[in-house]
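Report on the structure given below.
In UniProt numbering, the protein residues as written are 1 to 137.
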């Protein structure tokens, strides 16, 4: 009869979720704006995600996600979270063709955060895939 191995249970320590704070107040803000929704992500200078916000986390459902009002709410919520973690200087990267891009710029002007850089990283095709059909209303 083979010997029975003792069952080893992992010991889990009761840890609190520790928040990563922005070192020296520097950080990056990525705004991805699509036709259906807007996402905002804040990272530290090395690229580790610290906080984020989206239309779903702010309580918008369905067609209300794609409105400029939803985009302003998302970005204000994300900036509020980032400021509580110590973000003061921001590099902003905008991507996509949605209403969130213009809303992001309006909110950033009034936020009081210092903007170091503003870049539009929307991918532009060089005669790539065929575009969607033109919508006739």
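Every residue gets a Cβ at the ideal spot worked out from N, C-alpha and C, and that includes glycine.
{"Query": "Rounded separation between residue 34 and residue 61 - CA only", "Result": "15 Å"}
{"Query": "Secondary structure of residue 110, DSSP reduced to three states", "Result": "helix"}
{"Query": "Own chain, CB closer than 8 Å to residue 65, minus 5 neighbours either side, in chain order", "Result": "36, 37, 38, 55 and 56"}
{"Query": "Distance CB(residue 63)-CB(residue 99) smaller than 7 Å", "Result": "no"}
{"Query": "Meets three-Cβ-pair contact criterion under 8 Å: the segment 92-110 and the segment 69-83", "Result": "yes"}
{"Query": "Rounded straight-line distance, which links the Cα of residue 41 to that of residue 51", "Result": "6 Å"}
{"Query": "Residue 78: first and last residue of the uninterrupted alpha helix (DSSP H) it sits in", "Result": "68-84"}
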